[in-house]
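Novice: Below you will find the structure I want to go over with you.
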Amino acid sequence: EITVRDWSSDVCSSDLMGTLRHTIRRVMSVVTATTLLPAIMPLTAQAQPQTAAAPITWENCPAEKLDRPGARCGHIEVPENYANPGGKKITVGFIQFPNANAEVVFTNPGGPGGGVYDWLGKKNGTRLPQELFSQFEVVGVQPRGLVGSTPMDCPANPGSNPVDEFTNPGSALRSRCESKQPGYADQITTENTARDWEEVRKSLKRETINIYGLSYGTILGSSYASLFPNRVKHTVLDSGIDPTLQWSEIMARQEPAYRDVLHQFFGYVAQNDAKYHLGTTPYAVYRKWADAVKAQSGVTPSVAPPKATAADLPAGTQGAGQAGVDAMNSVEPGRAQAENVGTQLTAGGKSQQSSFLMLYTHAFLPMAYKWDTIARAIANPKLAEDDLRSLGELDVNDAKLKAATASLQMQQTMMCNESVTAPRANEIPRAYWTMFVSKDPFATGQLLHGSGLACQGAKRVTPGVKLDGSALKVKPLEIQGRQDPQTPYGNFSHMQAAMQSTLVTVNGPGHGHFGYDNKAVDKLVLDYLRTGKATAGEVPGYFG
2 EITVRDWSSD
12 VCSSDLMGTL
22 RHTIRRVMSV
32 VTATTLLPAI
42 MPLTAQAQPQ
52 TAAAPITWEN
62 CPAEKLDRPG
72 ARCGHIEVPE
82 NYANPGGKKI
92 TVGFIQFPNA
102 NAEVVFTNPG
112 GPGGGVYDWL
122 GKKNGTRLPQ
132 ELFSQFEVVG
142 VQPRGLVGST
152 PMDCPANPGS
162 NPVDEFTNPG
172 SALRSRCESK
182 QPGYADQITT
192 ENTARDWEEV
202 RKSLKRETIN
212 IYGLSYGTIL
222 GSSYASLFPN
232 RVKHTVLDSG
242 IDPTLQWSEI
252 MARQEPAYRD
262 VLHQFFGYVA
272 QNDAKYHLGT
282 TPYAVYRKWA
292 DAVKAQSGVT
302 PSVAPPKATA
312 ADLPAGTQGA
322 GQAGVDAMNS
332 VEPGRAQAEN
342 VGTQLTAGGK
352 SQQSSFLMLY
362 THAFLPMAYK
372 WDTIARAIAN
382 PKLAEDDLRS
392 LGELDVNDAK
402 LKAATASLQM
412 QQTMMCNESV
422 TAPRANEIPR
432 AYWTMFVSKD
442 PFATGQLLHG
452 SGLACQGAKR
462 VTPGVKLDGS
472 ALKVKPLEIQ
482 GRQDPQTPYG
492 NFSHMQAAMQ
502 STLVTVNGPG
512 HGHFGYDNKA
522 VDKLVLDYLR
532 TGKATAGEVP
542 GYFG
């Protein structure tokens, strides 16, 4: 299998095969966007005692992650448990692009589990416009649980029961975490991470901050703004999440959304057949893509194809008309699953995830500016591999594996700690099938969390911060895309209502819109950060 980071920021994909535990962790890592302790009530801003600003320890930024000029890095010590500020301390790191005469923007790339060093420190880690760095001081606080702050360390337990790892992965992970870091896992929460922001703000001696949060970063940014409204000037919520859907229902709704956007991508390629020469219908393009995936891996994709049209009927059957089209569409989803299983039997242990093109498609589908490269890679799949290598995503070393492992552990822990929706338990059999048989990256993570399997045996620690933007002096700007596979359009109503945000709709595909080569959105956000005013209710998507 292949190790690759999903640049959608909500997914970290890493192959940690070797044992059943590693299998579960690897497949769970395709989440897009994830205890055995008693539930605790969330702290309130009023109940939180004020503490003096912690001194900053300045340090070298991680050399392997930094090529954007002007950055400096530091860390502070904060309480592991804010309810006990005099107790055990942990480290929280941050990356800063100093601009003494400018306002500061705190940012988070999503996840949970997305790190800020890649996000801000590498030129290819984000496409945030240069104007953001020249006009503001940009700060990224590394979430607790990740390398760069105090990372989670949940080693394998030699005495663990492999059956428990299989049937109760949530409690099994908690047990491993408790063996090395007692009490830390239940402090991996959004509220504590937001309070870490506040400690960094105080240490940087900033009276107020602006916020830019992407995906899960909208939950984190909204939580900070709800806890500390007098410290917030302007808030940008990009691809927001409905907190009432955390986390199993969010993940369950991603599966059909990913499939729909994949089909829209095939439609985009078909509409541009003069450029790509891959077919004039979405179904025809799908067949070329599926053949390319099979050529690389020996296994056909299991994801259902888009609807066929009369133009897609096999030779000699065009006279069947609409009845033939309906019959074809009724059998195609089942055929895709059957071909996936059949080809695995002759593929020598490979799966569809052994294809660079498959992983590349899944990783970059939420980014509209990458659709051209995905389309060109169908005809020349090596382009996908070359691009991944150029981004450093296929380089494996101990530091990367440590960071990826901490990210996976932190993600699962936080998602289980803050899961408030009932899982779709009837989907557990399909989750096992997808994890061990079809290995479909467009469904595995969604089913693991949507079914509740990922958190089986783990209890919720906190319902999270009650979002409330009523005390903010300036209403947040919320950006939502109509064709977003990770935060599907419409699944943000509770966040918008609670934060009283001004909604701007992007009429096109994409998860994350600021800094993704959409000039209209870039201008909108920069204007808002400067003035506090949203200038449009709708903006065009990447394709205009």
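Be aware that the sequence shown starts at 2, since it is given in this note's numbering, and climbs by one per residue.
Cβ atoms here follow ideal geometry from the backbone N, Cα and C, with glycine treated the same way.
1) State the Cα-Cα distance for the pair Thr281 and Val332, rounded to the nearest angstrom.
2) To the nearest angstrom, how far is it from the Cα of His23 to the Cα of Ala404?
3) By the three-class DSSP mapping on this structure, what secondary structure does Val106 have?
4) Which residues in the same chain as Ala348 place their Cβ atom closer than 6 angstroms to its Cβ, once the five residues preceding and following it in sequence are excluded?
5) What are the uninterrupted segments assigned as alpha helix (DSSP H) that are 4 or more residues long and contained completely in the stretch 233 to 307, given in chain order?
6) State yes or no: is the C-beta of Arg175 within less than 8 angstroms of the C-beta of Ile91?
7) Could you check whether the Cβ of Glu104 sits closer than 8 angstroms to any Cβ belonging to chain C?
8) Exposed or buried, Gly88, counting other C-beta atoms within 10 Å across all chains shown (16 or more means buried)?
9) Where in the stretch 297 to 367 do unbroken runs of the alpha helix (DSSP H), each at least 4 residues long, occur, reported from the N-terminal end onward?
10) Would a C-beta distance cut-off of 8 angstroms place Cys417 and Gly171 closer than the cut-off?
11) Count the C-beta pairs between the stretch 435 to 446 and the stretch 462 to 470 that are closer than 8 angstroms, then say yes if the count reaches three, no if not.
12) Any idea what DSSP makes of Asn158, helix, strand or coil?
13) What residue range is occupied by the uninterrupted beta strand (DSSP E) comprising Glu138?
14) Starting from the Cα of Ile242, find the closest Cα among Glu179, Leu449, Gly513 and give me that residue.
15) Would you mind working out which of Gln410, Leu449, Tyr361, Leu409 sits nearest Arg425, comparing C-alpha positions?
16) In angstroms, rounded to a whole number, what distance separates the CA positions of Asn492 and Gln319?
17) Among Thr503, Ala309, Arg73, whose alpha-carbon lies nearest the alpha-carbon of Ala537?
18) Given this structure, state the Cα-to-Cα distance separating Asn102 from Met500, to the nearest angstrom.
19) Tell me the start and end of each unbroken beta strand (DSSP E) in the stretch 450 to 507 that is at least 3 residues and wholly inside, in chain order.
20) If you count every other CB in all the chains shown that lies within 10 Å of the CB of Glu60, and 16 or more means buried, which is it?
21) Looking only at its own chain, which residues have a Cβ that is under 6 angstroms from the Cβ of Met329, when we skip the five neighbours before and after it?
22) Are Arg461 and Glu419 close, meaning C-beta to C-beta below 8 angstroms?
23) As a quick exercise: from Thr190, Gly222, Asp197, pick the residue whose alpha carbon is nearest that of Met240.
24) Pull the bridge partners of Tyr213 from the DSSP assignment, please.
25) Grouping DSSP H, G and I as helix and E and B as strand, with all else coil, what is Val93?
26) Using a Cβ distance threshold of 8 angstroms, determine whether the stretch 190 to 203 contacts the stretch 71 to 82, with at least three qualifying pairs required.
27) With a threshold of 7 angstroms on Cβ separation, who are the neighbours of Asn125 within its own chain once the five nearest residues in sequence on each side are excluded?
28) Tell me, please, whether the stretch 243 to 254 touches the stretch 450 to 457 by the rule of three or more beta-carbon pairs shorter than 8 angstroms.
Specialist: In this structure, then:
1) Residue 281 sits at position 280 when you count from the first residue of the sequence shown. Residue 332 sits at position 331 when you count from the first residue of the sequence shown. The straight-line gap from Cα to Cα measures roughly 22 angstroms.
2) Residue 23 sits at position 22 when you count from the first residue of the sequence shown. Residue 404 sits at position 403 when you count from the first residue of the sequence shown. Reliability fails at His23, whose pLDDT of 32 lies under 50, so the model's placement of it is uncertain and no value is given.
3) Here residue 106 corresponds to residue number 105 of the sequence shown, with the count starting at 1. In the structure shown, Val106 sits in a strand (DSSP, three-state: E or B).
4) Stepping through the sequence shown from its first residue, residue 348 is reached at position 347. Same-chain partners within the cutoff: Gly299, Val300.
5) 249 to 272, 274 to 277, 283 to 298
6) As a first step, residue 175 is located in the sequence shown; it is residue number 174 there, counting from the start. As a first step, residue 91 is located in the sequence shown; it is residue number 90 there, counting from the start. Note that the C-beta distance between Arg175 and Ile91 is not below 8 angstroms.
7) The question asks about chain C, but that chain is absent: this structure has only one protein chain.
8) The sequence position of residue 88 within the sequence shown is 87, counting from 1. By the 10 Å Cβ count, Gly88 comes out exposed.
9) 322 to 345, 357 to 365
10) Taking the sequence shown and counting its residues from 1, one reaches residue 417 at position 416. Taking the sequence shown and counting its residues from 1, one reaches residue 171 at position 170. Yes.
11) no
12) Residue mapping note: residue 158 aligns to position 157 of the sequence shown, counting from 1. Looking at Asn158 - three-state DSSP - the assignment turns out to be coil, as it is neither helix nor strand.
13) Translated into the one-based positions of the sequence shown, residue 138 becomes position 137. Per DSSP, Glu138 belongs to the beta strand (DSSP E) from 138 to 142.
14) Here residue 242 refers to the residue found at position 241 when the sequence shown is read from its first residue. The shortest C-alpha separation from Ile242 is found at Gly513.
15) Position 424 of the sequence shown, counting from 1, holds the residue named residue 425. The candidate whose alpha carbon is nearest that of Arg425 is Leu449.
16) Translated into the one-based positions of the sequence shown, residue 492 becomes position 491. Translated into the one-based positions of the sequence shown, residue 319 becomes position 318. Computed Cα separation, rounded: 41 angstroms.
17) Numbered from 1 along the sequence shown, position 536 holds the residue referred to as residue 537. Among Thr503, Ala309, Arg73, the Cα nearest to that of Ala537 belongs to Thr503.
18) Position 101 of the sequence shown, counting from 1, holds the residue named residue 102. Position 499 of the sequence shown, counting from 1, holds the residue named residue 500. About 29 angstroms.
19) Assignment of beta strand (DSSP E) within the stretch 450 to 507, counting only whole runs of 3 or more residues, yields 478 to 484 in chain order.
20) Numbered from 1 along the sequence shown, position 59 holds the residue referred to as residue 60. Exposed, because fewer than 16 other Cβ atoms sit within 10 Å of the Cβ of Glu60.
21) Along the sequence shown, read from residue 1 onward, the residue named residue 329 stands at position 328. Taken in chain order, the residues that qualify are Ala309.
22) Position 460 of the sequence shown, counting from 1, holds the residue named residue 461. Position 418 of the sequence shown, counting from 1, holds the residue named residue 419. Yes.
23) The residue labelled residue 240 in the question sits at position 239 within the sequence shown. For clarity, residue 240 is Ser in the given sequence; the question names Met instead. Measuring from the Cα of Ser240, the nearest candidate turns out to be Gly222.
24) Here residue 213 refers to the residue found at position 212 when the sequence shown is read from its first residue. Answer is Thr108, Val237, bridged to Tyr213.
25) For this step, residue 93 is matched to residue 92 along the sequence shown. Looking at Val93 - three-state DSSP - the assignment turns out to be strand.
26) Flag = yes, the stretch 190 to 203 and the stretch 71 to 82 touch.
27) Walking along the sequence shown from the start, residue 125 turns up at place 124. Closer than 7 angstroms at the Cβ level, and outside the excluded window around Asn125, lie Leu392.
28) The answer is yes - the stretch 450 to 457 touches the stretch 243 to 254, with three or more Cβ pairs under 8 angstroms.
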